[in-house]
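Here is the structure we will look at.
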Amino acid sequence: MSFRSAISMFAGKPFIVMGIVNVTPDSFYDGGVHESLENAYRHACRLRDEGADIIDIGGASSRPGAPVVSPEVELQRILPLLKRFVKGFNGPVSIDTTWSTVAEAAIDEGALWINDISAGRYDEKMAGLIADRG
């Protein structure tokens with residue numbers, strides 16, 4: 347599935363539901379209960395089965411005061427779930443990251459959207475990556 351075909355899936359829909367899966371030990375959203383691969387996978391499948399149009403996977407907390415997570419740690423957290431989940435999901439998978447290296451690896455594994463809360467301000471290579479790969 348391409349980004350353009352994913353967008354066209356939503357034509358005419360009054361709203362789009364994004365299911366969030368945080369694979370972090372310190373998530374303010376879910377308290378870190380989806381940190382293990384099995385728990386995260388079950389949660390992603392439940393969100394899909396309950397009608398989520400997009401699944402967003404995040405490997406670093408964005409809560410105020412959260413420690414910065416390196417791209418290597420973020421990749422260790424998100425890639426196992428992404429690789430397992432993307433195979434059986436007909437909708438787009440989004441990756442929540444501010445690192446271009448994480449975004450690139452995720453795109454290589456099938457992620458279609460990058461959810462960068464910094465809008466490219468934290469990593470100067472992000473905009474170029476999205477322009478080239480998006």
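Quick note on the numbering used here: the sequence shown kicks off at 347 and runs consecutively.
Note that CB positions come from ideal geometry on N, CA and C, so glycine has one too.
All of these numbers come straight from a predicted model, not from anything done at the bench.
{"query": "Candidates 474, 443, 432 and 411, of which the one nearest residue 404 by Cα", "result": "443"}
{"query": "Separation of residue 408 from residue 476, as counted between CA atoms", "result": "21 Å"}
{"query": "When 448, 457, 455 and 454 are compared against residue 466, the one with the closest alpha-carbon", "result": "448"}
{"query": "Residues near residue 439 in its chain [Cβ-Cβ closer than 6 Å; skip 5 each side]", "result": "401, 432 and 457"}
{"query": "DSSP beta-bridge partners of residue 461", "result": "442"}
{"query": "Reference residue 428; option with closest CA among 419, 418, 364 and 441", "result": "441"}
{"query": "Assigned exposure category for residue 450 - 16 Cβ within 10 Å defines buried", "result": "buried"}
{"query": "CB contact flag (residue 394, residue 361, <8 Å)", "result": "no"}
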